[in-house]
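Next up, the structure:
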């Protein structure tokens with residue numbers, strides 16, 4: 090199992106309310122008789138208890154955006170972020186306000202801030218409910234790592250409510266499976282209203298089955314040794330995550346359970362049982378399920394959440410403006426029209442106030458509606474003559490202006506003085522890219538180059554291996570977060586090493602400035618040792634390698650077999666023979682805790 094302090098993420102379960110009822114949900118949504126919402130005071134206690142934790146802090150449900158105080162929670166998180174000086178450079182970028190591809194921008198933002206802040210970011214898991222737009226402004230301000238999945242397309246969940254004895258597995262064998270559980274090793278400890286848990290599913294099982302609760306929510310709980318959590322291992326006996334079984338399309342809404350768990354669900358008067366949404370499986374029909382449904386999530390975990398675009402279909406329109414109401418105004422009418430325009434708007438509607446002498450493109454409204462617009466921003470349109478202002482009445486800045494103040498405004502500049510977040514649009518606004526990747530790369534280069542402490546450790550490490558850095562030929566593997574790879578590349582170039590990059594074509598845009606002689610791209614999305622045979626053979630002939638360096642996008646102190654880096658490590662070792670360092674997102678040197686060739 091993974092120590093909690095080594096986990097890359099810890100989750101706070103703020104509600105069991107959800108507009109979905111997915112198959113085999115880790116939060117057991119659909120079974121609960123009552124909705125639960127964490128109090129703000131308990132949320133503050135949970136956040137404060139994580140002071141010093143160097144990983145991502147996540148909000149999860151149910152659907153966290155259904156919590157009635159979600160924006161208050163987000164604003165408290167932002168306060169902590171500011172107090173700790175956690176940087177959010179992506180706020181400077183145009184995509185914070187508007188973007189053509191909001192979903193791609195969330196991915197690039199995640200990659201950048203994970204690398205820049207050494208894994209210390211805020212995460213939110215959401216399936217984008219109808220009220221997403223109400224929180225859009227705060228989400229852009231606070232959350233670096235948005236995991237978006239509207240479940241329009243199939244995603245697969247393996248049975249969780251499964252007892253190993255029901256499947257004919259001996260206890261000794263199960264204990265080995267439990268200690269190597271992919272979920273506990275790859276994912277999260279958690280905080281619920283009933284305490285802290287070494288595993289997120291242990292926490293949600295305790296909630297579902299009215300368990301004894303977790304450890305106290307107190308400072309440093311996450312830093313305790315895993316041995317202190319043995320009293321929670323009884324939940325593992327009821328959990329199917331360590332077991333190799335099968336998985337079902339989440340959209341089926343059916344939970345697969347073994348007989349013992351079925352009885353437990355009956356005892357709590359499960360709503361899903363009443364709805365006929367629970368199916369019993371056992372050792373006798375396991376083979377049938379395996380053939381008719383899908384492979385388990387242990388085998389599928391690399392594919393479970395593929396590209397953001399693949400995870401979102403129906404939800405896209407929920408995050409775009411619905412209507413834009415246009416009004417021509419002059420000094421005498423500006424203050425009178427403004428409040429009337431606001432009254433006319435629904436939640437996703439926008440107001441466009443055009444000064445009487447402004448020359449606006451005829452196609453402006455049609456063009457701007459193609460973008461995802463952050464409702465917190467005032468968009469000042471300054472094209473030829475005069476100005477126009479585009480805004481959403483749900484913006485925090487708009488809500489701070491009372492009606493008396495509105496009546497006193499005479500022009501766009503007056504409104505601009507009342508607004509916190511502003512973006513000026515010029516005549517070429519539709520042709521500018523969403524994110525300035527060269528600027529992001531430059532920030533990463535500067536940040537890693539200034540990390541003298543890590544550079545000194547890496548120099549000592551090279552010396553211990555007998556590597557003369559100024560002459561070294563190093564194979565650098567891109568896997569995970571490309572900005573982390575770029576930062577390591579910069580350090581190696583500062584050392585005057587010769588670096589050759591091996592990467593999937595899916596991240597090639599981040600390495601476009603590399604010389605063709607110094608990079609090799611492969612077609613697959615992920616490393617596959619066998620399919621890279623020809624590339625391996627070519628690279629072995631290319632140079633006399635001093636070794637390889639592999640960036641590791643997690644924050645753990647070691648790599649476990651469940652971390653999905655095995656094929657990358659095997660590929661690197663086959664080509665360059667010697668490891669010169671595996672560098673985690675915290676910029677620490679780590680090692681695998683297993684034999685990659687077994």
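Numbering (this note's numbering), first residue to last: 90 to 687.
Ideal Cβ placement from N, Cα and C applies to all residues, glycine included.
If you're wondering where the values come from, they're calculated on a predicted model, not measured in any experiment.
For residue i, the three-state DSSP class (helix, strand or coil)
| i | result |
| --- | --- |
| residue 311 | helix |
| residue 284 | strand |
| residue 331 | coil |
| residue 660 | helix |
| residue 647 | strand |
| residue 320 | helix |
| residue 668 | strand |
| residue 381 | The pLDDT assigned to residue 381 is 45, lower than 50, so where the model puts this residue is not dependable, and the model offers no usable value. |
| residue 345 | strand |
| residue 298 | coil |
| residue 228 | helix |
| residue 262 | helix |
| residue 501 | helix |
| residue 461 | strand |
| residue 304 | strand |
| residue 454 | helix |
| residue 368 | strand |
| residue 400 | helix |
| residue 410 | coil |
| residue 255 | helix |
When the options are compared against residue i, the one with the closest alpha-carbon
| i | options | result |
| --- | --- | --- |
| residue 637 | 294, 556 and 308 | 556 |
| residue 560 | 439, 552 and 415 | 552 |
| residue 407 | 223, 170, 367 and 278 | 223 |
| residue 496 | 329, 424, 206 and 341 | 424 |
| residue 414 | 494, 293, 421 and 427 | 427 |
| residue 122 | 335, 358 and 547 | 358 |
| residue 301 | 285, 309, 631 and 310 | 285 |
| residue 420 | 160, 176, 524 and 475 | 475 |
| residue 173 | 603, 541, 140 and 467 | 140 |
| residue 597 | 588, 562 and 567 | 567 |
| residue 524 | 182, 275 and 335 | 182 |
| residue 164 | 192, 228, 220 and 218 | 228 |
| residue 482 | 522, 435, 448 and 462 | 435 |
| residue 402 | 190, 98 and 312 | 190 |
| residue 103 | 92, 93, 124 and 96 | 124 |
| residue 603 | 431, 574, 352 and 613 | 574 |
| residue 666 | 370, 605 and 563 | 563 |
| residue 149 | 126, 200 and 538 | 126 |
| residue 244 | 544, 362 and 335 | 335 |
| residue 693 | 160, 590 and 246 | With the chain covering 90 to 687 only, the question about residue 693 has no answer from this structure. |
| residue 193 | 578, 683 and 405 | 405 |
Identified DSSP bridge partners for residue i
| i | result |
| --- | --- |
| residue 564 | 589 and 637 |
| residue 510 | 466 |
| residue 443 | 417 and 477 |
| residue 337 | 246 |
| residue 278 | 99 |
| residue 234 | 212 |
| residue 609 | 591 |
| residue 629 | Bridge partners of residue 629: none, in fact. |
| residue 681 | 648 |
Residue-level contact to chain C via CB, residue i, 9 Å cutoff
| i | result |
| --- | --- |
| residue 309 | Considering every chain present, this structure includes no chain C. It has just one protein chain. |
Pair within 9 Å by beta-carbon distance, residue i and residue j
| i | j | result |
| --- | --- | --- |
| residue 609 | residue 622 | no |
| residue 672 | residue 678 | yes |
| residue 464 | residue 456 | no |
| residue 111 | residue 340 | yes |
| residue 207 | residue 676 | yes |
| residue 472 | residue 442 | no |
| residue 136 | residue 96 | no |
| residue 238 | residue 116 | no |
| residue 274 | residue 94 | no |
| residue 620 | residue 614 | no |
Minimum length 3: unbroken beta strand (DSSP E) runs contained in the segment 166 to 221: Complete beta strand (DSSP E) runs here, min 3: 211 to 215.
Can you check the segment 101 to 173 for any beta strand (DSSP E) of at least 3 residues that lies completely inside it and give the ranges in chain order? The segment 101 to 173 contains these whole beta strand (DSSP E) runs: 145 to 149.
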